[in-house]
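Student:
Residue numbers (my numbering): 901 to 1042.
1. Given a cut-off of 8 Å, decide if residue 901 and residue 929 are closer than it, judged by their beta-carbon atoms.
2. How is the alpha helix (DSSP H) around residue 923 delimited, first residue to last?
3. Which whole-angstrom value describes the C-beta separation of residue 1022 and residue 1041, a residue pair presumed to lie in contact below a C-beta threshold of 8 Å?
4. With a cut-off of 8 Å on the beta carbons, I'd call residue 933 and residue 1019 a contact; round off their distance for me.
5. Does the Cβ-Cβ distance between residue 975 and residue 921 come in under 8 Å?
6. With 16 other CB atoms within 10 Å as the buried threshold, where does residue 923 fall?
7. Excluding five sequence neighbours on each side, which residues of the same chain lie with their C-beta closer than 6 Å to the C-beta of residue 949?
8. From what residue to what residue does the beta strand (DSSP E) around residue 997 run?
9. Quick check: the segment 907 to 915 against the segment 984 to 1004, are there 3 or more CB pairs under 8 Å?
10. Measure the alpha-carbon distance for residue 1017 versus residue 992 and round it to whole angstroms.
11. Mind checking whether residue 968 and residue 994 have CB atoms under 8 Å apart?
12. Starting from the C-beta of residue 908, find all residues in its chain whose C-beta is less than 7 Å away, skip the five residues before and the five after it, and write them out in chain order.
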């Protein structure tokens, strides 16, 4: 993994074999990022995506084995229970140019992943909403 400090945040370049969510969370913790926006592109394999079902109040997860192009990775950085949390969504494309998307639970890099984490000077605070069973944005502090 390579991490480059930029005036507005950090550019993270993940390499073959690295886990996306674990690696990005490690960078967020090391750089003390408490609020920000995540955007990236690349290629990976063996993804687990989710769709949140409001009725059951649970994520329906689906595995996507094999290799895919990451045509869009986006999300945000916040705080839940005084710990950094990533909320990431992803769109994947296969060799037939079909696309799938959803909440990213995990995936492994095959080629590279180039991610920019735009730093915000404040803190996005999340709180568990028991009615929906989701960690939702509760407040933003400077």
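Even glycine gets a Cβ: it sits at the ideal position worked out from N, Cα and C.
Tutor: Short version:
1. Along the chain shown, one-based indexing puts residue 929 at 29. Along the chain shown, one-based indexing puts residue 901 at 1. Contact flag unset, no.
2. Locating residue 923 in the chain shown gives position 23, where the first residue counts as 1. Residues 920 to 930.
3. Taking the chain shown and counting its residues from 1, the one referred to as residue 1022 is at position 122. Taking the chain shown and counting its residues from 1, the one referred to as residue 1041 is at position 141. Correct: roughly 6 Å between the Cβ atoms.
4. For the purposes of this step, residue 933 is taken as residue 33 along the chain shown, with counting starting at 1. For the purposes of this step, residue 1019 is taken as residue 119 along the chain shown, with counting starting at 1. Contact flag correct, Cβ pair sits at about 6 Å.
5. Taking the chain shown and counting its residues from 1, the one referred to as residue 975 is at position 75. Taking the chain shown and counting its residues from 1, the one referred to as residue 921 is at position 21. Contact flag unset, no.
6. On the chain shown, position 23 is the one that residue 923 refers to. Residue 923 comes out buried.
7. For the purposes of this step, residue 949 is identified with residue 49 of the chain shown, where counting begins at 1. Result list for residue 949: 962 and 1002, in chain order.
8. Translated into positions along the chain shown, residue 997 becomes position 97. Neither: residue 997 is in no beta strand (DSSP E) and is coded neither H nor E.
9. no
10. As a working mapping, residue 1017 is identified with position 117 in the chain shown. As a working mapping, residue 992 is identified with position 92 in the chain shown. For residue 1017 and residue 992, the distance between alpha carbons rounds to 20 Å.
11. By one-based count along the chain shown, residue 968 stands at place 68. By one-based count along the chain shown, residue 994 stands at place 94. In contact: residue 968 and residue 994 (Cβ atoms closer than 8 Å).
12. Sequence index remark: in the chain shown, residue 908 carries index 8 (1-based). Excluding residues within five positions, the ones whose Cβ falls inside 7 Å are 1018 and 1019.
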